[in-house]
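Asker: Sharing a structure here in structure tokens format.
Residue numbers (our numbering): 8 to 494.
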């Protein structure tokens, strides 16, 4: 049995108390809030739950395994930091923190303490949203062109944050999740009309994603109708999502525009419409169950701290754009020519350089990595931090690249010839191939023109100057082959 404490017993905290109390594998040990009237309400409904106004008593209690924080966003960082430092697992209400700096610090602290840090991006546990992700990954919609989203209602106007932090957080997490991509740029305009706290009550946001995907997002506290709608337009089909519909939340439209490349003739396609089946489950309860599962099995959550950080970075960039009259704010150094597969994970996108390269599904890219044009990385690879992958390198599926690995693509590199500075056209790119399943150790250097065979291992610090056979181990400077048999 996992003992948890709920921190904050207001509107969202009461929902968390309800769902966690329904789980067989979890027990709400304590509820904590500075407002004693809220604690009295908890006691009336759940008389066996302990209540306190003293957060420190929660942290010092060895019986409590995890804390679930549902307090105003400006308090998230301090409360979560104290909990992690005290050896507690943490589930944080969205948005994770008010700044990316605070989010990064919490992620690093959770790693140091070997604790789970999870963010309450509830809609990623919504069955319809999960279905959207599957549909996109199946290719049924084709190439995604753009996404329109409207998250609107009358109130509730928040005293400490604007409408972007309140409503757009949901939309950002959904789009990041279903596309499996990280945003590259954003611009926004907003309005302040009725409040006296200086916060926007409505905003129009444009978010750019790799592959020329554009998301148009409207959020408002001043609309007459509550709206939770999203439309995804693809090259083959279109999808609509209406969260508030009790039936047929999802619809797939076989509609589109086709262009005949021979004569540039445009034709319009209008086919069938169907509604995929969506399992009726409560997403917040699914989130609570997932949190307890991750604690018991020591698994990385679906919505870890890194996912929360992505959203916070986007929120920060929207804030910058709002303060600069809608100026476009770039989030990373990924060119539009870079082709990223589904679920490509880029840690700290502002700290990488990706040019006209191609990266396969589920590959992970660390910080301070540069990948140049005309290089290709396969599926399920891991490219560790500070690595340099130059033009002409082909890395097949399931390859591990350690920290600080360097590739060379010119056999005779020179800065100048006959007193003249050489240009790009003077260099001759010699291809290099890393076959499926190979592992390249930290700080290795791979000279151009070689092939590292399938499942081979190159030792840390090695300099590879010739081909490495499949299933071999190579090490040293220059690298020698130790084994030429299957490993």
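C-beta: ideal position from N, C-alpha, C; glycine also. Only a predicted model underlies this, so the values are computations on that prediction, with no experimental measurement involved.
#1: Following the continuous alpha helix (DSSP H) through residue 301, name the residue where it begins and the one where it ends.
#2: When the Cα of residue 185 is compared with those of 29, 224, 142, which residue comes out closest?
#3: Under 6 Å Cβ to Cβ from residue 239, same chain only, skipping five residues before and after it: list those, please.
#4: What is the DSSP secondary structure of residue 311, reduced to helix, strand or coil?
#5: I need the DSSP call for residue 489, collapsed to helix, strand or coil.
#6: What's the call for residue 359, buried or exposed, on a 16-neighbour Cβ count within 10 Å?
#7: Report the partner residues of residue 12 according to the DSSP bridge assignment.
#8: In chain order, what residues of the same chain lie with their CB nearer than 8 Å to the CB of residue 443, ignoring the 5 residues before and after it?
#9: Ordered along the chain, which non-local residues of its own chain (more than five positions away) have a Cβ less than 8 Å from that of residue 194?
#10: Enumerate in chain order the residues of its own chain whose CB-to-CB distance from residue 174 is below 6 Å, with the five nearest sequence positions on each side excluded.
#11: From the DSSP output, in three-state form, read off residue 433 for me.
#12: Since residue 242 contacts residue 263 with CB under 8 Å, what's their CB separation in whole angstroms?
#13: Excluding the 5 residues preceding and the 5 following residue 446 in the sequence, name in chain order all residues of the same chain whose CB lies nearer than 6 Å to its CB.
#14: Quick check: the Cα distance between residue 5 and residue 131, rounded to an integer number of angstroms?
#15: DSSP has residue 186 in a bridge; who is on the other side?
#16: Provide the residue(s) that pair with residue 280 in DSSP beta bridges, ordered along the chain.
#17: Less than 8 Å between the CB atoms is what I'm expecting for residue 56 and residue 65, so what's the real figure, rounded?
#18: Smallest Cα separation from residue 201: which of 228, 215, 179, 129?
#19: Three-state secondary structure (DSSP) at residue 228?
#20: Let me know the secondary structure DSSP gives residue 247 once reduced to three states.
#21: Which whole-angstrom value describes the C-beta separation of residue 364 and residue 380, a residue pair presumed to lie in contact below a C-beta threshold of 8 Å?
#22: Helix, strand or coil for residue 494, going by three-state DSSP, please let me know.
#23: Quick check on the burial criterion: 16 or more other C-beta atoms within 10 angstroms. Buried or exposed for residue 304?
#24: Any heavy atom of the ligand SAM closer than 7 Å to the beta-carbon of residue 345?
#25: For the beta strand (DSSP E) that contains residue 100, what are its first and last residues?
#26: Rounded to whole angstroms, what is the Cα-Cα separation between residue 281 and residue 324?
#27: Alpha carbon to alpha carbon, what distance is there between residue 274 and residue 268?
#28: Give me, in chain order, the residues of the same chain whose beta-carbon lies closer than 7 Å to that of residue 96; leave out the 5 immediate sequence neighbours on both sides.
#29: Mapping the DSSP letters down to three states, classify residue 218 as helix, strand or coil.
#30: DSSP puts residue 137 in a beta bridge; with which residues?
#31: Using DSSP with H/G/I as helix, E/B as strand and the rest coil, what is residue 175?
#32: Which same chain residues end up closer than 8 Å to residue 372 when comparing Cβ atoms and leaving out the 5 residues on each side of it in sequence?
#33: What's the gap between the Cα of residue 419 and the Cα of residue 433?
#34: Sort out for me which residues DSSP pairs residue 241 with in a bridge.
#35: Is residue 124 helix, strand or coil by DSSP?
#36: Tell me whether residue 77 is buried or exposed, calling it buried when 16 or more other Cβ atoms sit within 10 Å of its Cβ.
Answerer: To lay it out plainly:
#1: Sequence index remark: in the chain shown, residue 301 carries index 294 (1-based). Here the alpha helix (DSSP H) through residue 301 covers 290 to 304.
#2: Mapped onto the chain shown, residue 185 falls at position 178. Cα-wise, what sits closest to residue 185 is 142.
#3: Translated into positions along the chain shown, residue 239 becomes position 232. Exclusion of the five residues before and after residue 239 leaves 154, 246 as the residues of its chain whose Cβ lies within less than 6 Å of its Cβ.
#4: The residue given as residue 311 occupies position 304 in the chain shown. Shown here, residue 311 sits in a strand according to DSSP, grouped into three states.
#5: As a working mapping, residue 489 is identified with position 482 in the chain shown. In the three-state reduction of the DSSP assignment, residue 489 falls in the strand class, which pools E and B.
#6: As a working mapping, residue 359 is identified with position 352 in the chain shown. Buried, since its Cβ has 16 or more Cβ neighbours within 10 Å.
#7: In the chain shown, counting from the first residue as 1, residue 12 sits at position 5. According to DSSP, residue 12 bridges with 37, 74.
#8: Locating residue 443 in the chain shown gives position 436, where the first residue counts as 1. Cβ within range, chain order: 385, 403, 404, 405, 406, 461, 462.
#9: Here residue 194 corresponds to residue number 187 of the chain shown, with the count starting at 1. Excluding positions up to five away in sequence, the list reads 212, 213, 328, 333, 334, 335, 336.
#10: Translated into the one-based positions of the chain shown, residue 174 becomes position 167. For residue 174, where only same-chain residues beyond five positions count, the Cβ hits under 6 Å are 158, 226.
#11: As a position in the chain shown, residue 433 is number 426, starting the count at 1. Residue 433 falls in the helix class under three-state DSSP.
#12: As a first step, residue 242 must be located in the chain shown, where it is residue number 235. As a first step, residue 263 must be located in the chain shown, where it is residue number 256. Confirmed, about 7 Å.
#13: Sequence index remark: in the chain shown, residue 446 carries index 439 (1-based). Within its own chain, the residues whose Cβ lies closer than 6 Å to the Cβ of residue 446, once the five positions on either side in sequence are excluded, are 407, 464, listed in chain order.
#14: Past the edges of the chain, shown from 8 to 494, lies residue 5, and the structure says nothing about it.
#15: One-based indexing of the chain shown puts residue 186 at position 179. None, per the DSSP bridge assignment.
#16: In the chain shown, residue 280 corresponds to position 273, counting from 1. Beta-bridge pairing by DSSP links residue 280 to 260.
#17: Reading the chain shown from its first residue, position 49 is the one you call residue 56. Reading the chain shown from its first residue, position 58 is the one you call residue 65. Their Cβ separation, rounded to whole angstroms, is 12 Å, which puts residue 56 and residue 65 out of contact at 8 Å.
#18: Taking the first residue of the chain shown as position 1, residue 201 is located at position 194. Selection 228, 215, 179, 129 evaluated against residue 201 yields 228 as nearest (Cα-Cα).
#19: Mapped onto the chain shown, residue 228 falls at position 221. Three-state result, residue 228: coil.
#20: Residue 247 sits at position 240 when you count from the first residue of the chain shown. Here residue 247 sits in strand by DSSP.
#21: Locating residue 364 in the chain shown gives position 357, counting from the first residue. Locating residue 380 in the chain shown gives position 373, counting from the first residue. The beta-carbon separation of residue 364 and residue 380, rounded to 6 Å, stays under the 8 Å limit for a contact.
#22: Position 487 of the chain shown, counting from 1, holds the residue named residue 494. Since pLDDT at residue 494 reaches only 44, below the 50 mark, its modelled position is unreliable, and the value read off the structure follows with that caveat. Three-state DSSP puts residue 494 in coil, outside helix and strand.
#23: Here residue 304 refers to the residue found at position 297 when the chain shown is read from its first residue. Classification for residue 304: exposed.
#24: Judged by which ligands are present, the structure shown has none, so any question about the ligand SAM falls away.
#25: As a working note, residue 100 is residue 93 in the chain shown. Start and end: 96 to 100.
#26: Position 274 of the chain shown, counted from the first residue, corresponds to residue 281. Position 317 of the chain shown, counted from the first residue, corresponds to residue 324. Going from the Cα of residue 281 to the Cα of residue 324 covers about 37 Å.
#27: The sequence position of residue 268 within the chain shown is 261, counting from 1. The sequence position of residue 274 within the chain shown is 267, counting from 1. In a straight line, the C-alpha of residue 268 is about 12 Å away from that of residue 274.
#28: Within the chain shown, numbered from 1, the residue matching residue 96 stands at position 89. These residues qualify, in order along the chain: 72, 73, 122, 123, 302.
#29: Sequence index remark: in the chain shown, residue 218 carries index 211 (1-based). Assignment of residue 218 by DSSP, reduced to helix, strand and coil, places it in the helix class.
#30: Here the question's residue 137 lines up with position 130 in the chain shown. Residue 137 pairs with nothing; no bridge assigned.
#31: Here residue 175 corresponds to residue number 168 of the chain shown, with the count starting at 1. DSSP places residue 175 in helix when its eight states are reduced to three.
#32: Locating residue 372 in the chain shown gives position 365, where the first residue counts as 1. So the qualifying residues of the chain are 351, 352, 353, 354, 359, 361, 366, 378, 390.
#33: To locate residue 419, count along the chain shown from 1; it is residue 412. To locate residue 433, count along the chain shown from 1; it is residue 426. Cα atoms of residue 419 and residue 433: separation of roughly 11 Å, rounded to the nearest angstrom.
#34: Stepping through the chain shown from its first residue, residue 241 is reached at position 234. In the DSSP output, where bridge partners are listed per residue, residue 241 has 151.
#35: Looking up residue 124 in the chain shown gives position 117. For residue 124, the three-state secondary structure derived from DSSP is strand.
#36: Here residue 77 is taken as the residue at index 70 of the chain shown, counted from 1. Under a 10 Å Cβ-count criterion, residue 77 is classified as buried, with 16 or more other Cβ atoms of the shown protein chains found around its own Cβ.
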